[in-house]
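To keep things clear, I will list the structure first and then write my remarks on it.
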Amino acid sequence: MTIAIPSALKVETRTKVSSISLFVAFAVLALGLAAPFLVSRGAVQDLFFILTMLVLAQSWNLLAGYAGLISVGQQVFVGFGAYAMFGAVILLGVDPLLAILIAGLLSVLLAIPTAFFTFRLYGPYFAIGTWVVAEVVRLLFAQWKALGGGTGTSLPREAVRDMVGVSLLRDLFGMKPAQASDAITYWLALMLAAATIGFIYRLLRSKQGLGLAAVRDNEQAARAVGVDARRMKALVYLATAFLTGLAGALIYAQKARISPDAAFSVTDWTAYVIFIVVIGGIGTVEGPILGVILFFLLQNFMADYGSWYLLMLGLAGILVMLFAPRGLWGAFSDRTGIQLFPVRRTLIGGPSIHQGGSSHG
Amino acid sequence: MSLIDTIVQGVLLGGLYALFAAGLSLVFGIMRLVNLAHGDLIVLAAFLLLVLVSTLGLNPFLAALLVAPVMFALGYALQEVLFNRTLGKDVLPPLLVTFGLSIVIQNGLLEGFSADSRRISTGALETASMAAGPVTIGLMPLLALLSAVAVIVGLNLLIYRTALGRAFRATSDDAVTAGLMGIHPRKIFAMATGLAMVVVTIAALYLGTRANFDPTAGPARLIYAFEAVIIGGLGSLWGTLAGGIILGVAQTLGAAINPEWQILSGHLAFLAVLLVKPRGLFPRAVD
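Keeping their order, the protein sequence lines are chains A and B. The first sequence lines up with residues 1 to 361 when you count with the working numbering. The second sequence lines up with residues 1001 to 1287 when you count with the working numbering.
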């Protein structure tokens, strides 16, 4: 942040803890990069699942927790991204890795017309409007016979086997093709998760982020001081479409099998994500990280209980929303004052008055 | 002629959608709350009806009379215990709490009744129909449409002619001032949600007797209800009926072209209305 302020004063968002957490974050990232050499293939797949859910959760959190756009239709970008990737590989013969990038860009293109419709709806109606759009796109893809119609299709085996980097990993480390492609999708997920968190954290500490927080806290007041609320929201919507589309394409590159009902599933790609964010702490960068870890542990412990598990998750979501609206991380942070990714601006060197740059961090 | 027949069937289907939507419209009109569990509550009521009909051998209409007060109590309690705590300036809490409730109801029903498709039998009524010129009209779909009209007439009478309706309108306009006049907004909201659940029971009766349903059928009903409300315009119950009918006709016309297009053409009609008239065809509420 650079704001012209008398020289003795400084505006900071950094704290002691956050400097340590930045260091820890890089250490975790380095360890994460080495994971395919350290742990079993099953564990790599688990980590892949956690990381891709984390990307979806961070994106939804940016959308709902910071831009105030509560969408119940983000599965549209997961499904569309996945289908765009499959289409590029099967119909055009593009390499899966390039196809993932194409899928992200196409998701942004899809977001433009969908925003055109859904931005006409306010608050709760926006939520259901996004859901309708997701249903429309799902039904359209179910009609596309070249990609398997309603029953879906698989990625050709050779496309995954000949994916960029697979042969390199085989030659260097003697990995089997399946193991190598798992490692590649895992590294991509790790990079995508790190880039997503980095992007969101940077955005929130920037001038635009301050504008976003102002719009969330009081849209009219923010507009009165010159924040273009509509433009900010539209940009966030497009950015999350890109991230969600990339994540969707990546998830299905690893699964290698797609069907409209699974790729556009409201439970898998939106309900879970909402509970991760709400239970972890909406409107914080740390919340979704905590949420996704809890979610993974819960899912492993309760996998045998089927729908009881979802029922419990729904109840937990309701209880957290009623009694700790800022989630577990929010409650922890309020009590201890610890923030790993602080975005609150603190005035340093001034008279010690309680500062509140943005209403919450 | 088949086109006339298609449209008539669409209008009849629209009656069912209007029934789905009336409860949603009522609750939104009074407390600006959008209940994402609305569809699941319809399915829950349908399962309650199914239990009474299949275990006690009751007539479905009689069963609805018994289920209605239960659903009223459930709605009243949900509003008192859950929804009232979430009302406020922020739109996030009510949405997330009702979304959580939706997941809870769906999975509770899955545990209780398995994922099998069910249907409530109405015996001879199921296939009863009458010829009206070139078209044949099924008795149950006709009853659904007539019930929708009756529900909307009844709700309008209640809202504009009774003391409770006056309290509804006053609370909707300004809950704080209404509170000063001796009205308890929270109780009024609870009454409204209870009433919406009575309408939900009627919707469930026709949902369950018309076609198969299963525990995951709720979200689609919510979407139809929502589309009917938006097409008709917020705050107008007659608009909601018109919205339901437009949706129903769009669906049957789409299905006549290609059976796979039924749901899709309904959604497209909704998007078309949103494009041309973002506030619906007969808007009444200002926000």
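By construction, the Cβ of each residue, glycine as well, lies at the ideal position given by its N, Cα and C atoms.
So, is residue i buried or exposed, given that buried needs 16 or more other C-beta atoms within 10 angstroms?
i         : result
Gly1123/B : exposed
Glu1227/B : buried
Leu29/A   : exposed
Asn1212/B : exposed
Phe1099/B : buried
Lys233/A  : buried
Ser1102/B : buried
Pro1215/B : buried
Met1181/B : exposed
Met1130/B : exposed
Tyr1160/B : exposed
Ala1073/B : exposed
Pro36/A   : buried
Phe301/A  : exposed
Between which two residues does the beta strand (DSSP E) carrying residue i extend?
i         : result
Val1135/B : 1135-1138
Val11/A   : 10-12
Ala1132/B : 1129-1132
Taking the continuous alpha helix (DSSP H) assigned at residue i, which residues delimit it?
i         : result
Met163/A  : Where Met163/A is concerned, there is no enclosing alpha helix (DSSP H), given that its DSSP letter is neither H nor E.
Leu235/A  : 229-255
Arg1186/B : 1185-1210
Gln1009/B : 1002-1031
Ile338/A  : Premise fails: Ile338/A is in no alpha helix (DSSP H) and is neither H nor E.
Phe1213/B : Note, Phe1213/B: premise wrong, no alpha helix (DSSP H); not H, not E.
Gly198/A  : 177-205
Gly93/A   : Per DSSP, Gly93/A belongs to no alpha helix (DSSP H) and is neither H nor E.
Gly1244/B : 1237-1257
Ala1170/B : 1163-1173
Gln45/A   : 41-61
Lys16/A   : 16-38
Ile219/A  : Before going on, a small fix: residue 219/A reads as Glu here, not Ile. Where Glu219/A is concerned, the enclosing alpha helix (DSSP H) stretches over 219-224.
Pro1093/B : 1092-1113
By how many angstroms is the C-alpha of residue j removed from the C-alpha of residue i?
i         : j         : result
Thr1136/B : Ala1128/B : 10 angstroms
Gly327/A  : Met53/A   : 18 angstroms
Ala256/A  : Phe80/A   : 15 angstroms
Met1071/B : Asp217/A  : 37 angstroms
Gln220/A  : Val1091/B : 16 angstroms
Gln355/A  : Asp304/A  : Any reading at Gln355/A needs caution, since the residue's pLDDT is 45, under 50, leaving its predicted position unreliable; the model's value is listed next. When rounded, the distance between both Cα atoms is 49 angstroms.
Val55/A   : Ile289/A  : 9 angstroms
Ser358/A  : Leu298/A  : For Ser358/A, the predicted model reports a pLDDT of 43, less than 50, meaning its position is unreliable; a value from the coordinates is still stated below. The straight-line gap from Cα to Cα measures roughly 34 angstroms.
Gly1266/B : Gly1248/B : 7 angstroms
Thr1086/B : Pro1094/B : 5 angstroms
Ile197/A  : Ala253/A  : 22 angstroms
Ala1203/B : Gln1262/B : 20 angstroms
Arg202/A  : Leu192/A  : 15 angstroms
Leu322/A  : Leu63/A   : 21 angstroms
Ala82/A   : Pro1141/B : 40 angstroms
Lys145/A  : Gly152/A  : 9 angstroms
Gly306/A  : Gly245/A  : 28 angstroms
Arg1166/B : Ala1148/B : 23 angstroms
Arg1284/B : Ala249/A  : 43 angstroms
Met163/A  : Leu97/A   : 7 angstroms
Val1199/B : Pro1060/B : 15 angstroms
Leu1139/B : Gly1133/B : 15 angstroms
Ala115/A  : Pro124/A  : 15 angstroms
Tyr1017/B : Ile1007/B : 15 angstroms
Gly391/A  : Tyr237/A  : No statement about residue 391/A is possible, as the shown extent of chain A runs from 1 to 361 and does not include it.
Glu1126/B : Arg157/A  : 51 angstroms
Thr185/A  : Gly1233/B : 47 angstroms
Asp1173/B : Gly1179/B : 11 angstroms
Ala1183/B : Ala194/A  : A small fix is needed here, since residue 1183/B is Ile in this sequence, not Ala. Roughly 53 angstroms separates the two Cα atoms.
Leu1274/B : Leu1222/B : 18 angstroms
Interface positions of the stretch 215-234 of chain A facing chain B (Cβ-Cβ less than 9 angstroms), listed along the chain: Answer set for the stretch 215-234 of chain A: empty.
Contact residues within the stretch 1222-1255 of chain B, judged by C-beta distance below 8 angstroms to chain A: Taking 8 angstroms as the Cβ-Cβ cut-off against chain A, the residues of the stretch 1222-1255 of chain B that qualify are Leu1222, Ile1223, Phe1226, Glu1227, Ile1230.
Interfacial residues, the stretch 320-351 of chain A to chain B, with Cβ spacing under 7 angstroms: Answer in chain order: Met321, Leu322, Pro325.
Where the stretch 55-75 of chain A meets chain B: residues whose CB sits under 9 angstroms from a CB there: Here the close residues are Ala64, Gly65, Gly68, Ile70, Val72.
Members of the stretch 1081-1096 of chain B near chain A, C-beta cut-off 9 angstroms: Across the stretch 1081-1096 of chain B, CB contacts with chain A closer than 9 angstroms involve Leu1082, Arg1085, Thr1086, Asp1090, Val1091, Leu1092, Pro1093, Pro1094, Leu1095, Leu1096, in sequence order along the chain.
Against chain A: residues of the stretch 1100-1120 of chain B by CB proximity under 7 angstroms: Those residues of the stretch 1100-1120 of chain B placed with their C-beta closer than 7 angstroms to a C-beta in chain A are Gly1100, Leu1101, Ile1103, Val1104, Asn1107, Gly1108, Leu1110, Glu1111, ordered along the chain.
Contact between the stretch 334-350 of chain A and the stretch 1102-1119 of chain B (3+ Cβ pairs under 8 angstroms): No, because fewer than three Cβ pairs between the stretch 334-350 of chain A and the stretch 1102-1119 of chain B fall closer than 8 angstroms, the two stretches do not touch.
Contact list for the stretch 269-298 of chain A against chain B, Cβ threshold 7 angstroms: Listed by position along the chain: Ala271, Ile274, Val278.
Proximal residues, the stretch 112-124 of chain A versus chain B, C-beta separation under 7 angstroms: Identification of residues in the stretch 112-124 of chain A having a C-beta nearer than 7 angstroms to some C-beta of chain B yields Phe117, Arg120, Gly123, Pro124, given in sequence order.
Residues of the stretch 1022-1034 of chain B whose Cβ lies closer than 7 angstroms to any Cβ of chain A, in chain order: Residues passing the 7 angstroms Cβ filter: Val1034.
Inter-stretch contact at 8 angstroms, needing at least 3 Cβ pairs: the stretch 159-175 of chain A / the stretch 87-105 of chain A: Touching, yes.
Any 3 or more C-beta pairs closer than 8 angstroms across the stretch 1035-1044 of chain B and the stretch 1239-1256 of chain B: Result no; under three Cβ-Cβ pairs closer than 8 angstroms.
Inter-stretch contact at 8 angstroms, needing at least 3 Cβ pairs: the stretch 1186-1196 of chain B / the stretch 1019-1033 of chain B: Taking a cut-off of 8 angstroms on C-beta distances, the stretch 1186-1196 of chain B touches the stretch 1019-1033 of chain B, as three or more cross pairs fall below it.
Short-range partners of chain B found in the stretch 187-206 of chain A, where Cβ spacing is below 7 angstroms: For the stretch 187-206 of chain A, which is checked against every Cβ of chain B, not one residue is closer than 7 angstroms.
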